[in-house]
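A.B. asks:
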């Protein structure tokens with residue numbers, strides 16, 4: 020198990036696992052072979068809403084075939100079908116999880132479960148995973164779990180569900196604003212969907228309190244047309260995901276390789292953030308070496324929450340550098356990334 | 020019991036049950052005989068803050084007399100006196116409930132209880148209703164309950180109180196911003212009251228999670244004066260209730276027949292919302308008939324939360340059409356309302 | 020024990036208890052001798068982040084020496100070191116509390132504990148205080164407790180921690196946005212820190228529901244430079260603390276005597292608020308005297324929440340007048356403050 024805070028999920032990119040094209044695995048294949056800043060930290064082969072009803076079986080087959088044979092640099096997290104409210108969907112989700120655990124337990128990092136209800140529904144999913152791990156001789160807890168927060172019940176139970184974090188396979192909570200708004204009966208009266216800012220605050224808090232990853236929702240206005248010319252909506256998506264980073268969410272949902280580029284950038288420490296973190300932790304290490312046992316800058320103690328934040332910044336960069344060296348060497352100049360590679364991050368962590 | 024989501028409460032209009040006029044029942048009578056879009060879904064004969072201290076007994080008498088003899092098309096929900104903090108008010112509230120259950124159990128739909136405290140206060144009210152139903156030989160649960168959310172304690176206990184929803188007579192939670200702001204010590208320093216947007220998000224979520232109706236608070240700036248001419252403040256009220264609809268609240272508080280017209284309009288599906296809902300559910304029904312068992316539009320599955328939302332839209336229109344045909348035939352053209360009347364809404368609901 | 024709502028904490032001013040100057044107690048001495056509107060309601064000798072690591076022992080000594088000998092008009096609340104996450108800090112905090120209870124139990128009003136975690140951490144602090152009170156023969160509950168809300172865990176447990184209010188020594192909850200934002204991983208991408216408005220709403224609600232004092236976080240942009248000239252940032256701080264007053268928080272954090280002046284002003288009822296409160300309560304008292312038993316203005320009953328609010332306004336002014344007569348006589352004209360001094364505030368409180 021990677022230490023929670025250094026687990027990367029700047030970009031959570033869903034890819035339909037089967038589409039009505041000559042190559043039904045076109046988007047999945049494209050995601051698995053993406054490179055550079057287009058490579059998402061988490062690729063999510065989607066069996067649920069992204070895949071047409073008649074193509075669910077083929078979606079699972081595509082995933083089994085391609086994922087078994089990939090050298091993808093990030094994590095792989097298939098999204099299965101599920102619904103707290105419909106047993107037929109749960110049955111299909113269970114079958115899909117069965118196939119994934121049987122065929123791909125070593126290749127995938129976890130499964131993403133949508134439309135989760137309250138705590139009892141969470142425990143139902145958890146029990147299914149345990150049972151299937153046991154049946155197929157996979158070590159308990161091998162397959163992690165991410166949930167989509169998109170029902171009123173899950174929101175009501177957010178604290179309890181997130182609170183299971185440290186003791187369970189739960190790794191991430193992802194906001195699903197479309198279904199959430201539909202379930203609450205929210206209406207677009209010309210200003211789009213509600214921003215649900217109270218929910219996002221709580222999501223950031225509960226994931227942070229429990230060492231989980233918190234991820235924002237999708238942004239589907241991919242293109243904008245201005246005076247007759249359409250273009251990729253770079254501003255719209257960037258604004259949304261900067262808001263998410265501002266609130267402390269760890270990553271953003273991507274529906275397109277360009278969104279993935281942006282999410283990877285926004286949720287990556289800036290060079291000046293990295294420089295600040297390195298110089299502070301270097302000073303903390305020096306303080307330990309000198310035996311002063313505390314870090315002061317200009318006579319003021321740097322408190323532990325701030326140091327922890329700096330360590331997280333450096334560990335995030337180290338994780339990016341380990342998985343995607345082409346990203347880190349593009350973003351940071353050589354002396355900076357060298358300091359990040361060689362620093363003793365934990366040296367001052369008592 | 021009507022299925023929760025189709026129970027109409029677009030407009031929650033309070034009317035003082037006794038006022039210092041020749042006809043002390045003037046406003047109550049006016050509410051009970053309102054027609055067209057001026058007829059509120061819920062008329063609330065008010066014994067509490069709308070009625071002067073010296074006229075409480077007359078208010079109850081007016082309600083008993085007029086309500087027993089009305090052909091009002093909506094629901095009738097008297098608001099009694101109550102306070103978690105003052106036993107004298109609870110005693111008066113209990114007496115008022117006693118009279119209502121004894122005299123009007125068949126005519127009223129429920130009672131509205133203000134200034135509720137925490138869960139134990141909710142249970143106190145619930146127990147009083149059960150006891151009085153039993154005493155007067157009224158079937159248990161005949162008289163429903165709506166509460167005003169206007170104390171810090173009720174906000175703290177919102178999740179637990181709303182969580183009783185499906186098992187109790189609780190039907191609606193209504194926001195009371197004036198008392199709420201007073202209790203928290205919120206101050207108007209020139210920008211009016213706080214918008215309490217976090218509370219409104221939670222109210223929408225908890226009512227949705229438990230099948231309850233959520234209703235926004237009153238707007239008392241009824242008139243605005245511009246360059247010496249006063250006029251009904253149509254913009255101000257519309258902005259507030261559109262915000263409430265945006266967040267998924269089901270209805271709004273009205274203090275005046277013009278506000279009722281606006282609340283009935285805003286919380287009524289627009290023709291294009293109805294058209295969309297009908298065409299989607301018609302397609303879902305066709306999919307069931309064809310045996311495909313899932314609804315796809317352009318190859319993309321329509322998920323259950325969205326279908327549920329469409330069904331709610333149609334059921335809301337059906338409820339309006341049943342109670343207020345003059346409203347539905349005014350708002351929708353004939354072919355559209357005919358489709359809404361004849362569709363098999365539940366056909367595709369597994 | 021003063022009745023919770025009349026306990027003053029318009030201004031919570033931290034002062035480093037030791038600084039690297041010839042007089043290491045310079046700021047603490049300055050706070051303890053402040054007068055007029057510069058005198059904070061709560062002076063907080065700071066052993067934590069305001070004091071350099073090498074000066075902690077001297078900070079405690081300075082506090083013991085100066086506080087034992089002061090005639091400061093407000094309350095004194097030292098902030099000790101603490102952290103739910105680091106036992107070394109808790110050990111130091113315990114030693115600091117030990118010294119405070121042993122040496123200053125009669126002089127201080129309570130201790131401020133930062134970086135508190137969940138409920139179990141709160142109970143750890145509470146137990147330490149009880150044990151030390153017992154050890155040094157100080158009556159149980161003599162030393163009150165204020166906590167800084169600045170960790171994800173404390174936010175998660177806010178309702179439970181605040182809920183202990185009436186049964187424990189807990190008196191105030193103070194927001195700590197810097198550490199809170201760091202712990203959640205919130206980032207400043209050019210717009211500063213998140214405003215955490217959902218948290219502030221909850222803080223106002225939970226403190227109100229439990230008779231506690233709620234206090235906003237520090238504002239450290241003390242000076243602004245405009246066209247080459249620096250000046251005290253009176254607008255920036257005033258905007259923040261007016262927002263806090265708007266939401267019903269009782270006081271604001273001050274880092275500087277000028278901020279204290281502003282916090283004392285903003286959280287002090289305005290003359291027109293006081294006039295309104297006095298005239299309403301005078302009328303309520305008259306109604307009781309006349310035996311009508313309820314207060315109506317223009318035929319409309321003034322509800323209890325509003326009356327309670329008016330009583331709080333008057334009691335706040337009475338508390339200010341008792342502690343800081345130079346403030347009340349400056350802010351209110353003689354006839355007004357005389358009415359506030361002589362009114363029977365509780366006369367109409369049943």
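Protein chains in written order, with this note's numbering: chain A, 20 to 369; chain B, 20 to 369; chain C, 20 to 369.
Heads up, the beta-carbon is just placed ideally off N, CA and C, and yes, glycines get one too.
Owing to the predicted nature of the structure, the values given are computational and were not obtained by experimental measurement.
What residues in the region 354 to 365 of chain A bring their beta carbon closer than 9 Å to a beta carbon of chain B?
C.D. replies: Hits within the stretch: zero.
A.B. asks: What are the complete alpha helix (DSSP H) segments, minimum 4 residues, inside the region 273 to 316 of chain C?
C.D. replies: Segments of the alpha helix (DSSP H) lying fully in the region 273 to 316 of chain C: 276 to 285, 290 to 309.
A.B. asks: May I ask you to list, following chain order, the residues of the region 39 to 73 of chain B that have a beta carbon less than 9 Å from some beta carbon of chain C?
C.D. replies: Against chain C - using a Cβ distance shorter than 9 Å - the residues of the region 39 to 73 of chain B are 39, 67, 68, 69, 70, 71, 72, 73.
A.B. asks: Taking buried to mean at least 16 other C-beta atoms within 10 Å of its own C-beta, is residue 298/C buried or exposed?
C.D. replies: Translated into positions along the third chain, residue 298/C becomes position 279. Exposed, because fewer than 16 other Cβ atoms sit within 10 Å of the Cβ of residue 298/C.
A.B. asks: Along the chain, where does the beta strand (DSSP E) that runs through residue 31/C open and close?
C.D. replies: Locating residue 31/C in the third chain gives position 12, counting from the first residue. First-last of the beta strand (DSSP E) with residue 31/C: 30 to 35.
A.B. asks: Please state whether DSSP places residue 199/B in a helix, a strand or coil.
C.D. replies: Position 180 of the second chain, counted from the start, is the residue given in the question as residue 199/B. Residue state, collapsed to three classes: helix.
A.B. asks: Applying a beta-carbon distance threshold of less than 8 Å, which residues of chain A neighbour residue 274/C?
C.D. replies: Position 255 of the third chain, counting from 1, holds the residue named residue 274/C. Those within 8 Å of residue 274/C in chain A number zero; the least Cβ separation is about 13 Å.
A.B. asks: Run down chain D in chain order and give the residues with a C-beta less than 8 Å from the C-beta of residue 266/C.
C.D. replies: Among the protein chains in the structure shown, which are A, B and C, there is no chain D.
A.B. asks: With 16 other CB atoms within 10 Å as the buried threshold, where does residue 154/C fall?
C.D. replies: Numbered from 1 along the third chain, position 135 holds the residue referred to as residue 154/C. Counting Cβ neighbours within 10 Å, residue 154/C comes out exposed, since fewer than 16 surround it.
A.B. asks: Label residue 363/B either buried or exposed according to how many other C-beta atoms from any shown protein chain fall within 10 Å of its C-beta, with 16 as the threshold for buried.
C.D. replies: Here residue 363/B is taken as the residue at index 344 of the second chain, counted from 1. Per the 10 Å Cβ criterion, exposed.
A.B. asks: Taking 8 Å as the threshold (beta carbon to beta carbon), is residue 178/B in contact with chain A?
C.D. replies: Translated into the one-based positions of the second chain, residue 178/B becomes position 159. Taking Cβ atoms only, chain A reaches closer than 8 Å to residue 178/B, which makes this a yes.
A.B. asks: Taking Cβ-Cβ distances below 8 Å as the criterion, which residues of the region 144 to 178 of chain B are in contact with chain C?
C.D. replies: Answer set for the region 144 to 178 of chain B: 169, 170, 171, 172, 174, 175.
A.B. asks: Bridge partners for residue 135/A per DSSP, in chain order?
C.D. replies: Taking the first chain and counting its residues from 1, the one referred to as residue 135/A is at position 116. According to DSSP, which records beta bridges pairwise, residue 135/A is partnered with nothing at all.
A.B. asks: Would you mind giving the Cβ-Cβ distance between residue 321/B and residue 296/B, rounded to the nearest angstrom? I have them listed as a contact below 8 Å.
C.D. replies: Here residue 321/B is taken as the residue at index 302 of the second chain, counted from 1. Here residue 296/B is taken as the residue at index 277 of the second chain, counted from 1. That belief does not hold up - the Cβ atoms of residue 321/B and residue 296/B are roughly 11 Å apart, past 8 Å.
A.B. asks: When the Cα atoms are used, what is the spatial distance from residue 53/B to residue 205/A?
C.D. replies: To locate residue 53/B, count along the second chain from 1; it is residue 34. To locate residue 205/A, count along the first chain from 1; it is residue 186. So the two alpha carbons sit approximately 29 Å from each other.
A.B. asks: Does residue 105/C come within less than 8 Å of chain A when only Cβ atoms are used?
C.D. replies: Start at 1 with the first residue of the third chain, and residue 105/C comes out as number 86. Taking Cβ atoms only, chain A reaches closer than 8 Å to residue 105/C, which makes this a yes.
A.B. asks: On the premise that residue 256/C lies in contact with residue 242/C, defined as a C-beta separation below 8 Å, what is that separation, rounded to the nearest angstrom?
C.D. replies: The sequence position of residue 242/C within the third chain is 223, counting from 1. The sequence position of residue 256/C within the third chain is 237, counting from 1. Between residue 256/C and residue 242/C the Cβ distance is about 11 Å, and since that is not below 8 Å, they are no contact.
A.B. asks: Closer than 6 Å by C-beta to residue 24/A: which residues in its own chain qualify, once you throw out the five before and the five after it? Chain order, please.
C.D. replies: Position 5 of the first chain, counting from 1, holds the residue named residue 24/A. Any reading at residue 24/A must be qualified, since the residue scores a pLDDT of 45, below 50, and its modelled position is unreliable; no value is offered.
A.B. asks: Determine the closest residue to residue 130/C out of 182/C, 174/C, 62/C, 175/C, with distance taken between C-alpha atoms.
C.D. replies: The residue you call residue 130/C lines up with position 111 of the third chain. Taking only the C-alpha atoms, the option nearest residue 130/C is 62/C.
A.B. asks: Would the beta-carbon of residue 29/C fall within 8 Å of that of residue 282/C?
C.D. replies: Within the third chain, residue 29/C is the residue found at index 10, counting from 1. Within the third chain, residue 282/C is the residue found at index 263, counting from 1. In contact: residue 29/C and residue 282/C (Cβ atoms closer than 8 Å).
A.B. asks: So, is the C-beta of residue 241/B closer than 8 Å to a C-beta in chain C?
C.D. replies: In the second chain, residue 241/B corresponds to position 222, counting from 1. No - not a single Cβ of chain C is within 8 Å of the one on residue 241/B.
A.B. asks: Determine the DSSP secondary structure at residue 237/B, reduced to helix, strand or coil.
C.D. replies: Taking the first residue of the second chain as position 1, residue 237/B is located at position 218. Residue state, collapsed to three classes: coil.
A.B. asks: Which residues, taken in chain order from the region 213 to 231 of chain C, show a beta carbon closer than 9 Å to some beta carbon of chain B?
C.D. replies: Those residues of the region 213 to 231 of chain C that come within reach of chain B (Cβ to Cβ, closer than 9 Å) are 216, 217, 218, 219, 220, 221, 223, 224, 225, 226, 227, 228, 229.
A.B. asks: To the nearest angstrom, report how far apart residue 163/C and residue 171/B are at their CA atoms.
C.D. replies: Numbered from its first residue, the third chain carries residue 163/C at position 144. Numbered from its first residue, the second chain carries residue 171/B at position 152. Answer to the nearest angstrom: the Cα atoms are 23 Å apart.
A.B. asks: Counting pairs of beta carbons, one from the region 220 to 230 of chain C and one from the region 181 to 201 of chain C, are three or more of them closer than 8 Å?
C.D. replies: In short, these stretches touch, since the Cβ pair count reaches three.
A.B. asks: Using 8 Å as the limit for Cβ to Cβ distance, is residue 324/C near chain B?
C.D. replies: By one-based count along the third chain, residue 324/C stands at place 305. Judged by the 8 Å Cβ criterion, residue 324/C is in contact with chain B.
A.B. asks: If we cut at 8 Å on Cβ distances, does residue 20/A have a partner in chain B?
C.D. replies: The count along the first chain starts at 1 and reaches residue 20/A at position 1. Confidence is the limiting factor: at residue 20/A the pLDDT is only 31, short of 50, which leaves the residue's position unreliable, though a coordinate-based value still follows. By this cut-off, residue 20/A is not an interface position.
A.B. asks: Near residue 178/A, which residues of its chain fall below 7 Å by C-beta distance, leaving aside the five closest residues on each side in sequence?
C.D. replies: Within the first chain, residue 178/A is the residue found at index 159, counting from 1. Here the set comprises 225.
A.B. asks: Using a Cβ-Cβ cut-off of 7 Å (strictly less than) and excluding sequence neighbours within five positions of residue 292/B, which residues of its own chain qualify?
C.D. replies: Residue 292/B sits at position 273 when you count from the first residue of the second chain. So the list reads 332, once near-sequence residues are dropped.
A.B. asks: Would residue 343/C count as contacting chain A if we go by Cβ distances under 8 Å?
C.D. replies: Counting from 1 along the third chain, the entry for residue 343/C is found at position 324. Taking Cβ atoms only, chain A never reaches closer than 8 Å to residue 343/C, which makes this a no.
A.B. asks: Would you mind stating whether residue 14/C and residue 287/C have Cβ atoms separated by less than 8 Å?
C.D. replies: Given a span of 20 to 369 for chain C in the structure shown, any question on residue 14/C remains unanswerable.
A.B. asks: Which value, in whole angstroms, describes the spacing of the CA atoms of residue 86/A and residue 126/A?
C.D. replies: Within the first chain, residue 86/A is the residue found at index 67, counting from 1. Within the first chain, residue 126/A is the residue found at index 107, counting from 1. Taking the straight line joining both Cα atoms gives about 7 Å.
A.B. asks: Should residue 285/B go down as buried or exposed, given a rule of 16 or more other Cβ atoms within 10 Å for buried?
C.D. replies: Here residue 285/B is taken as the residue at index 266 of the second chain, counted from 1. Classification for residue 285/B: buried.
A.B. asks: Please name the residue, chosen from 249/B, 235/B, 65/B, that lies closest to residue 35/B on a Cα-to-Cα basis.
C.D. replies: Against the second chain, residue 35/B aligns to sequence position 16. Selected option, being the one with the closest Cα: 65/B.
A.B. asks: Under 8 Å, Cβ to Cβ, is there at least one residue of chain C near residue 189/B?
C.D. replies: Position 170 of the second chain, counted from the first residue, corresponds to residue 189/B. No, residue 189/B does not count as interfacial toward chain C.
A.B. asks: Rounded to a whole number of angstroms, what is the C-alpha to C-alpha distance between residue 51/C and residue 267/C?
C.D. replies: Reading the third chain from its first residue, position 32 is the one you call residue 51/C. Reading the third chain from its first residue, position 248 is the one you call residue 267/C. C-alpha separation (whole angstroms): 28 Å.
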